[in-house]
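When you read off a place in the sequence shown, starting at 1, and then add 406, the result is the number in our numbering.
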Amino acid sequence: MSASETAIPRHLLGRSLTSITLPLGILMLVAMMVLPLPAFLLDIFFTLNIFMSLLILMVALHTYRPLDFSSFPSLILVATVLRLALNVASTRIILSEGHLGTSAAGAVIEAFGAFVIAGNYVVGIFVFVILVIINLVVITKGAGRVSEVSARFTLDAMPGKQMAIDADLNAGVLTAEEATVRREDVSREADFHGAMDGASKFVKGDAVAGILILAINVIGGLTIGMLQHGLSIGEASELYILLSIGDGLVAQIPSLLLSIATAIIVTRVSSSQDMAEHIKGEVSMSRAWFPVAGVLLLIGLVPGMPTILFGGMGLAAGVAAYFFRKQEQTDATQDKSDAKTPVEDSNPNSLNITDVADLSAVTLLLSYPLLSMVDKDDGGPLARRIVTVRKEVSQALGFVLPSVRIRDDLGLTANEYRIKIGQTVVAEDKIYPDQKLALPSGTSRVKIEGIDVKEPSFRIDATWIQSDREFEAEANGYIIIEPETVLATHLSQILYKYASELIGQDDVQELLDNLSKVVPQLVQSVVPKLMPLHNLTAVLRQILRERIPISDLRRILELISEMASKNMSVTETAEALRPQLVGLLIQQTTPLNTPLPVVTLDSAFEHLLINSAKRSEGDQLLLDGSLAEQMVKSLVRVNEEQTEAGKKPFLVVSPQIRRKLSSFLRQHIADFPVLSFTELPDGRRVEVVATVSGDEQMATE
């Protein structure tokens, strides 16, 4: 076997080394508490302790949300154990070797002690005590209180966040996989705040331990120096107080840095990797390493400090920062090359809102105050969000949606936007780019002040609030949504609703060309021999009108070839295809092992609708006004109840009225799929969640 075949891949080797390093490091920390350490090792570990605390603080400063640094509680534990192990090791050296001189415990302790004391032991002790009080009473206590409150509020807000994810999933904004990731994020957020609530106790205990260790070193050192080594009280004080202050200070400075980092994290809010890989991936941020390198080099230049140690550590951090920066630039270049799309893809030149074609399939018109959401070098948050929405809807429906053109319209009122399909305005509303939308959840306890509106996608009560009131709103159980997300979600609803108008013959031909690479004979035998391109396009439009994906185009062509001898119309062909394709719609909302939630009609009411359908012409369903209103209200109520329970219901009716009833309901309810009994998948469990009748009563089973 060749060397190339036996060599371990570089990325696997790096992962193995990282996974082994952390457990070995923990074992070394435990050993440091038992085994005596020479002074030069203490110097190295004290320097490493300061380096680690600085790095954690810089990473905390550069994270945008607490979950970006979810390994922080674990790092607090590791850093705390490291300091305690160093305290034990340094105390052993101070008490056993302190009589030999101030250098007995290493250069770092001696330098820090001499720097703070500066010839006056009383002042040195007071400075150290003040430092501990600041750490313990001010920063640590405040961070601990915030951790407790954040943990409680996060748990209270979990049901509302889960409902928001389910609403996005049902609206088609999220795929099933993305919804799963979002749910995991909500769970990780609760776990993180619970861990931070406990981790803050580590920091507080570390500060208290610092005071006790200082007292032990001073009292024990004076006692041992005078009784065992025959030193005078002045000589013993000169040696042991300096060593004790230096030891306490070199431990308290990292403790103070971690306390600040803790406060930063908890005042703003697990992973598929093990903890070592998780930490490695999160701390490799060049913006954090460059300041660390600079601070360590400056410390090394301070007179009396061990220049070689701090300088070497600073240079090492600088080299690491350089390599991390190169890696980030490489990744950014790769992402840009992989993410190129025609109009919206983070390319400012392609998002020229003053020079767009008037014949765009989808146009987003923005008033002047909203232009700030796209008028940036990277395309702005709105442009990036629209790219994501377009890709998600395209993947869900099975064809590439046309690009969304963004342009200004000075005729719109302030903060207003419009969505056009072709030249027709199909939706309009208002958003406030400098505010955020607060949606009440089941745990909302008070009414928050702001601009009361109806959320544009689901028409539920919501409130626009100032950004500085976000924490207050979250504390009261509200779900906060960014303005670009509100608009993008509304756009997603429109794209689903009008998908049948957005697919044309050119799009269908592109799908056929792609499919012909796999099954060329099937494509050639169906189009145009059995069905012309324009008829196939019309059939696909009929299918998309009810949000059934056309992603399985191969199966569609096979079914069309089987039905070729029946001489059916476009509408009849689409209806005949539905039973074989409706499973694609169901799997987007209901997992395979979950019963399918269905709503049925009362037998008498359904018989009434069948008779009405027989008397109606075309796709129209003639109903009495009050009867139609009551049916729509009942179905809306069922839909809302099931959505809150995390389910997406389907209305199941007789095949004779399915198409006409579906056409009628689409005018009143945005998304309530109507299936016939013959379209239910074989072997799929069904759960009847409600039965709708023609009167004001609705039986729920």
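For each residue, glycine too, the CB sits at the ideal point set by N, CA and C.
Quick one: give me the first and last residue of the beta strand (DSSP E) that residue i is part of.
i	result
D835	830 to 836
A844	841 to 846
E952	E952 -> no beta strand (DSSP E), and no H or E assigned at all.
D919	Taken as a continuous stretch (DSSP letters only), D919 belongs to no beta strand (DSSP E), being part of the alpha helix (DSSP H) at 911 to 922.
A485	Careful: A485 lies outside any beta strand (DSSP E), inside the alpha helix (DSSP H) at 478 to 503.
D814	810 to 814
I885	884 to 887
D858	857 to 860
S766	Taken as a continuous stretch (DSSP letters only), S766 belongs to no beta strand (DSSP E), as it is neither H nor E.
P1003	1002 to 1007
Measuring straight from C-alpha to C-alpha, what distance separates residue i and residue j?
i	j	result
V701	E798	45 Å
P839	A868	16 Å
V832	S1032	28 Å
Y904	Q948	11 Å
I792	R824	14 Å
P997	V1005	18 Å
E598	R589	As written in the sequence, residue 598 is Phe, which differs from the Glu given in the question. Looking at the two C-alpha atoms, the distance is approximately 14 Å.
A820	F716	57 Å
A1105	V1098	Legend: pLDDT at A1105 = 39, less than 50; position of this residue unreliable, value from coordinates given subsequently. Each residue's Cα considered, the two are about 7 Å apart.
A980	E952	11 Å
E861	R796	21 Å
A727	A517	28 Å
A613	L542	6 Å
R875	T469	21 Å
P889	A879	16 Å
T747	I909	Its pLDDT being 43, under 50, T747 is placed unreliably in this model, and the value from its coordinates should be taken loosely. Straight-line Cα distance between these residues: approximately 18 Å.
F451	A596	34 Å
Among the options, which one has its Cα closest to the Cα of residue i?
i	options	result
F1011	E981, V1059, P808	V1059
A694	R489, T1000, R731, M464	M464
A881	T794, S477, R851	R851
S477	K610, S509, V689	V689
A1051	F518, E583, V487, Q568	Q568
V914	Q899, T794, P934	P934
P660	K842, I1016, K1053, F457	F457
A491	I571, D474, G616	G616
G706	S898, T453, I639, L983	T453
S643	T736, K1054, L501, V806	L501
G817	A802, S800, L771	L771
I956	G804, V1044, L1057	G804
V656	G600, M711, A466, T995	M711
A970	E584, R811, V624, M937	M937
K1020	I639, V436, M974, Q1062	Q1062
D449	K607, L473, R489	R489
T995	T586, G626, S1018	T586
CB residue i to CB residue j, shorter than 9 Å?
i	j	result
R960	L1007	no
T718	A699	In the sequence on display, residue 718 carries Gly and not Thr. Going by C-beta atoms, G718 is not nearer than 9 Å to A699.
I515	L443	no
L618	I482	no
Q1086	L1002	Gln is not the amino acid found at residue 1086; the sequence shown has Leu there. Yes, the pair counts as a contact, with Cβ atoms nearer than the cut-off.
I651	L620	yes
G550	F446	no
I854	I837	no
T943	Q911	yes
I545	I666	yes
I885	S847	yes
V945	L918	no
S873	K842	yes
I866	L845	yes
T668	M602	yes
V1095	P1055	yes
I992	R1090	yes
P645	G504	This sequence places Leu at residue 645; Pro is not what is there. For L645 and G504, yes; Cβs fall inside 9 Å.
Could you tell me the boundaries of the alpha helix (DSSP H) in which residue i lies?
i	result
V1165	Only positions 407 to 1107 of the chain appear in the structure, and residue 1165 is not among them; the question remains open.
R693	692 to 707
F1070	1064 to 1072
T979	976 to 995
Q930	926 to 932
I'd like to confirm something about residue i: is its beta-carbon nearer than 8 Å to some heavy atom of the ligand FMN, or not?
i	result
L1014	Summarising the ligand content, the structure contains no ligands, and the ligand FMN is consequently not present.
Kindly confirm or deny that the region 962 to 969 and the region 916 to 932 touch, where touching means at least three C-beta pairs closer than 8 Å. The count of Cβ pairs closer than 8 Å, one atom from the region 962 to 969 and one from the region 916 to 932, reaches three, so the stretches are in contact.
Three-pair Cβ contact test at 8 Å for the region 646 to 662 versus the region 534 to 548: Touching, yes, given that three or more Cβ pairs across the two stretches are closer than 8 Å.
Mind the definition here: the region 1065 to 1083 touches the region 1027 to 1042 only if three or more C-beta pairs lie below 8 Å; say whether that holds. Enough Cβ pairs lie closer than 8 Å, so yes.
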